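Per the working numbering: the sequence shown = residues 83 to 255.
Every residue, glycine too, gets a C-beta built ideally from N, C-alpha and C.
Keep in mind it's a predicted model, so treat the numbers as computed, not measured.
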Amino acid sequence: MRWSEDKLREHVAKRHNSAAVARSEAAMSPRSLPGIPDAPAAEKAPPKRKPLKLALCEPSEAAVLDAIRRLLRVHPAVAWHTRINSGAMTVRTDDGRQRFVRFHDCPGMSDILGQLVSGKLLAIEVKRPSWRGPSDEREQLQAEFIRRVCEAGGLAFTARSVEEALVYLGPLR
83 MRWSEDKLRE HVAKRHNSAA VARSEAAMSP RSLPGIPDAP AAEKAPPKRK
133 PLKLALCEPS EAAVLDAIRR LLRVHPAVAW HTRINSGAMT VRTDDGRQRF
183 VRFHDCPGMS DILGQLVSGK LLAIEVKRPS WRGPSDEREQ LQAEFIRRVC
233 EAGGLAFTAR SVEEALVYLG PLR
């Protein structure tokens, strides 16, 4: 007859005094008790699994950009705004030649440009919520662009959320 682990614990508890019952888990395993055969493979505990690690789920930069643009459409301090795409591509001309075209030639330009009702320039660089500051040359150029706009009297900032944008723009009235 094979013993299940629960039955074995019950048997040991009944037969031994309280000091024996208080022994550690290792001392009460079937392998450590003399005269009791090992449990079959089916009754052995499965191997321990690594604990599940949950990754922080955060919105993408595109999702934050979309949310901030929806805010700007209804915010009373914003007269207008537009999305500035950066990058370059090759296009084919009518005569069949290929031509390299840049979308703009201002390095570090913000994702959103606009104007406040007060007449000031508005520039917003949008980042993921986990962003912690400039880490490469492109981001250094973006920080420099924001600095230049602020020095010229405009409102420029980096926003990682709608709430952060509201800090700079002021509340919705």
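Query, Result
"Residue(s) in a DSSP beta bridge with Glu207", "Thr240"
"Leu153, enclosing alpha helix (DSSP H) - first and last residue", "143–156"
"Close beta carbons around Arg184, own chain, < 6 Å, minus the five adjacent residues each side", "Ala170"
"Reduced DSSP category for Phe182 - H, G, I as helix; E, B as strand; rest coil", "strand"
"Length of the line joining the Cα atoms of Lys202 and Ala247", "16 Å"
"Three-pair Cβ contact test at 8 Å for the region 185–196 versus the region 223–234", "yes"
"DSSP-derived helix/strand/coil call for Leu198", "strand"
"Contact set for Arg255: own chain, Cβ-Cβ below 7 Å, skip 5 residues either direction", "Pro158"
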